[in-house]
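A.B. asks:
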Amino acid sequence: MLFDLGQLVMTRGVAIRQEEEPYFGRHVMAALLRYMDGDWGEMDYENKKMNDMAIGPNPERIFAAYACGRGSDGGGSKIVRQGSHGITTLAE
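Mapping the sequence shown onto my numbering, position 65 (from 1) lands on 70, and the numbers just tick up by one.
1) Check whether the stretch 7-15 touches the stretch 50-65, taking contact to mean three or more Cβ pairs, one atom from each stretch, closer than 8 Å.
2) Kindly indicate which three-state DSSP category G46 falls into: helix, strand or coil?
3) Under the three-state reduction of DSSP, which class applies to I103: helix, strand or coil?
4) Using a 10 Å radius around the Cβ and a threshold of 16 neighbouring Cβ atoms, would you call A36 buried or exposed?
5) With a CB to CB cut of under 6 Å and the five nearest residues on each side skipped, what residues in its chain are close to G81?
6) What does the alpha-carbon distance come out to for the pair V85 and G46?
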């Protein structure tokens with residue numbers, strides 16, 4: 006793990022979708038593992054570079070998006086770490 010996630014929370018939409026679509030729950034866990042390893046998913050080069058620069062003992066905002074490609078709408082997940090709040094949020 007490259008940085009401390011802080012408190013891990015999820016939006017209500019993620020919680021509901023994980024209940025309704027087990028595949029999405031597995032997708033979210035896989036995305037979180039990628040995130041912790043510094044794989045920023047579907048982000049463009051500039052955003053990936055900003056994320057890389059934000060890593061450190063007190064990480065700043067780190068945002069990533071991951072395509073799911075399956076389920077009711079095929080939509081993926083987003084993960085954002087707000088360094089000033091010490092919270093990492095899983096969102097749709």
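We treat Cβ as the ideally placed atom computed from N, Cα and C, and that holds for glycine.
It should be emphasised that the depicted structure is a prediction, and the values quoted were computed from it without experimental measurement.
C.D. replies: Reading it off the structure:
1) Enough Cβ pairs lie closer than 8 Å, so yes.
2) strand
3) It is not possible to answer for residue 103, since the shown part of the chain is limited to 6 through 97.
4) Result: buried.
5) Y71, A72, C73
6) The alpha-carbon separation between V85 and G46 amounts to approximately 12 Å.
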